[in-house]
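Heads up, the first sequence is in numbering that gives the first Met the number 0, so the first residue is 0 and it goes up one at a time.
Each residue gets a CB set at the ideal place from its N, CA and C atoms; glycine is no exception.
Small disclaimer: the values here were computed from a predicted structure and weren't measured.
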Amino acid sequence: MKNALYLYNTLTRKKELFEPLAPPFVGMYVCGPTVYSESHLGHARPAVAFDVLYRYLMHLGYKVRYVRNITDVGHLENEVDETGEDKISHRARQEHLEPMEVVQKYMNSFHRGMEKLNTLEPSIEPRATGHIIEQQQMIDKLITSGYAYVSNGSVYFDVEKYDKNHFYGILSGRVLEEMKANSRVLEGQEEKHGQFDFALWKKASPGHIMRWPSQWGEGFPGWHLECSVMSTRYLGEVFDIHGGGMDLIFPHHECEIAQSTAAMGHAPVRYWVHNNMVTINGQKMARSLGNFITLDELFTGNHKLLMQAYSPMTIRFFMLQAQYRSTLDFSNEALLAASLGLQKLLAAERTLANLKPDSTSTVDVTGIAKKCYDAMNDDLNTPIALAHLFDAVRIINLVSDGKEKLSADDIRSLTETFRTFIHDIFGLRAEEESGNEKLAGVLSLLLDMRQEAKARKEWSVSDRIRDRLSELGITVKDRKDGYDWEITS
RNA sequence: GGUCGGUUGUCCGAGUGGCUAGGAAUCGGUCUGCAAAACCGGGAACGGCGGUUCGAAUCCGCCACCGACCUCCA
Numbered sequence: 000m001k002n003a004l005y006l007y008n009t010l011t012r013k014k015e016l017f018e019p020l021a022p023p024f025v026g027m028y029v030c031g032p033t034v035y036s037e038s039h040l041g042h043a044r045p046a047v048a049f050d051v052l053y054r055y056l057m058h059l060g061y062k063v064r065y066v067r068n069i070t071d072v073g074h075l076e077n078e079v080d081e082t083g084e085d086k087i088s089h090r091a092r093q094e095h096l097e098p099m100e101v102v103q104k105y106m107n108s109f110h111r112g113m114e115k116l117n118t119l120e121p122s123i124e125p126r127a128t129g130h131i132i133e134q135q136q137m138i139d140k141l142i143t144s145g146y147a148y149v150s151n152g153s154v155y156f157d158v159e160k161y162d163k164n165h166f167y168g169i170l171s172g173r174v175l176e177e178m179k180a181n182s183r184v185l186e187g188q189e190e191k192h193g194q195f196d197f198a199l200w201k202k203a204s205p206g207h208i209m210r211w212p213s214q215w216g217e218g219f220p221g222w223h224l225e226c227s228v229m230s231t232r233y234l235g236e237v238f239d240i241h242g243g244g245m246d247l248i249f250p251h252h253e254c255e256i257a258q259s260t261a262a263m264g265h266a267p268v269r270y271w272v273h274n275n276m277v278t279i280n281g282q283k284m285a286r287s288l289g290n291f292i293t294l295d296e297l298f299t300g301n302h303k304l305l306m307q308a309y310s311p312m313t314i315r316f317f318m319l320q321a322q323y324r325s326t327l328d329f330s331n332e333a334l335l336a337a338s339l340g341l342q343k344l345l346a347a348e349r350t351l352a353n354l355k356p357d358s359t360s361t362v363d364v365t366g367i368a369k370k371c372y373d374a375m376n377d378d379l380n381t382p383i384a385l386a387h388l389f390d391a392v393r394i395i396n397l398v399s400d401g402k403e404k405l406s407a408d409d410i411r412s413l414t415e416t417f418r419t420f421i422h423d424i425f426g427l428r429a430e431e432e433s434g435n436e437k438l439a440g441v442l443s444l445l446l447d448m449r450q451e452a453k454a455r456k457e458w459s460v461s462d463r464i465r466d467r468l469s470e471l472g473i474t475v476k477d478r479k480d481g482y483d484w485e486i487t488s
């Protein structure tokens, strides 16, 4: 199985065999959130996609150092904002909080969401504010090497100069000359020598809350610097995988490559991996567009677009049903479908655990695991792997119905495959029970009495219990030997 | 305007020269006091127009529509 994983590399626009620089070690850096408001469904996409990659690499036997940053220096809201106030300062003023309180609040919330989605914690979760000195050191280096210049208390990266010696646009496929021909010059950029130069260090305006002293004056680090600095610090000058959303390819990742290459003399990253967006009504879900649904809203159903609550595992399964490089369109129908599909898969796993083995098998299940691995090796094609698991679901149910037979060996192998893919790689887990033992006790009493009424053929009593519970949002499921219930609303 | 990507059945979503994707919904059936649930099975698709080919959803061209990026964004 090992060494057969192909990943789509944005740098080459091809699927490439993944070969780590120094096996069995793998270094992976993923752009994390800027913590100035609640996390939404869009944030769950890369979190789940790269969690699956992380889990799969570990399953293949690699020792992975997974670094995901927290951006806690708010970058500029936008260039023309007369206050020039950053996102976190802005939020801090709005909420009458210390900037670090804003950061802490939303970082905690992000972590809670990630825990519910069952994503594994990164090995290191560095924060931009904890690496101000390193960022200043890198700026120094860039000034010394001539790729950066000081202008009115700020420091900018000289894109023109970089492009002469390297290729600014190597990742995004943009060509500097064409970009210059195709865009207008914005106001308020007199400090820059070149139109596409970007800030490495930004002079703080008098009202700016987040600020640090530097040899260039009081200010704060530029937009793209933290990732270059922190990835290099924890993963080395060259590392294997850099991930993030496709919307970060330009300018963020392009600038990262430029900075690092200018500072070190070589490219920092071997495989650039980008996930696609979650869309809603065909448009990207984004904070800035205001069309987002937060994770808490999804989990509670408390949003005008939501017909019901969707559990964290439903969200996770929903993500897995699409390949990470495809857009994924949000809708109630799609989430409901995901929820039912997930239940079916997990139910089959429980059925599998209770199957009675036969001396021989009447169906061939030996190829299923390999097909799942093949799908994962083909750029993490989770929907295909799931399709193969659903083939197994049908077989399991047929065996359970006595229409097909499986040997003990085959049952063991299927059990192993299910455990590996569903739990270890896909990171799905059974939803926690309703947690209310008193409710469970009352229901158990009530439904026992209903069973007794049924035994006496007192249908009016049994139906009344069932109907009343249904009105309360509790669905009673009669089974061959007993009953089950579920809170459905 | 530039660069890149997409358009698959009722919905979500894989695939990519000939072979059932899968899930959800729907329909038929099994089970059941009835219903629900569960299970089994069937039907249903490749944006438009040309071209290449024995054969195209899949390759090529043109057109239409949609989106991402070009400004912080996952």
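DSSP state of residue i mapped onto helix, strand, coil
i: L351; result: helix
i: F329; result: strand
i: M318; result: helix
i: E133; result: helix
i: S171; result: coil
i: T278; result: strand
i: H241; result: strand
i: T381; result: helix
i: G218; result: strand
i: V228; result: helix
i: S469; result: helix
i: E37; result: coil
i: R455; result: coil
i: H273; result: strand
i: V51; result: helix
i: D363; result: coil
i: K370; result: helix
i: T70; result: strand
i: Y148; result: strand
Backbone CA spacing between residue i and residue j [nearest angstrom]
i: I69; j: G481; result: 50 angstroms
i: P121; j: T350; result: 34 angstroms
i: K476; j: Q450; result: 12 angstroms
i: S459; j: L468; result: 14 angstroms
i: H273; j: Y7; result: 8 angstroms
i: A454; j: D357; result: 34 angstroms
i: K202; j: G152; result: 5 angstroms
i: E494; j: R92; result: For residue 494 there is no data in the structure shown, the boundaries of the chain being 0 and 488.
i: V174; j: Y167; result: 7 angstroms
i: L288; j: N331; result: 20 angstroms
i: D400; j: G340; result: 20 angstroms
i: D378; j: L224; result: 29 angstroms
i: G472; j: L438; result: 13 angstroms
i: D423; j: T118; result: 11 angstroms
i: L489; j: N376; result: This structure cannot speak to residue 489, because the chain is shown only from 0 to 488.
i: E100; j: G206; result: 18 angstroms
i: L354; j: Y55; result: 28 angstroms
Enclosing alpha helix (DSSP H) for residue i [first to last residue]
i: K160; result: V158 to N164
i: D85; result: Premise fails: D85 is in no alpha helix (DSSP H) and is neither H nor E.
i: A429; result: Counting along the chain, A429 falls outside any alpha helix (DSSP H), and DSSP gives it neither H nor E.
i: S491; result: The displayed coordinates of the chain run from 0 to 488. Any statement about residue 491 would go beyond what the structure contains.
Enclosing beta strand (DSSP E) for residue i [first to last residue]
i: V66; result: K62 to R67
i: A198; result: F197 to K202
i: D543; result: The structure shown does not extend to residue 543, since the chain is modelled only from 0 through 488, so no value can be given for it.
i: Y28; result: F24 to V29
i: S122; result: Per DSSP, S122 belongs to no beta strand (DSSP E) and is neither H nor E.
i: D483; result: G481 to I486
i: S259; result: Element bounds for S259: not the beta strand (DSSP E) but the alpha helix (DSSP H), E253 to M263.
Opposing strand residues paired with residue i [DSSP bridges]
i: L16; result: Y5
Check whether residue i and residue j have beta carbons under 8 angstroms apart
i: L305; j: I314; result: no
i: A127; j: V66; result: no
i: K343; j: A262; result: no
i: L294; j: L96; result: no
i: F109; j: S38; result: yes
i: Y155; j: F197; result: yes
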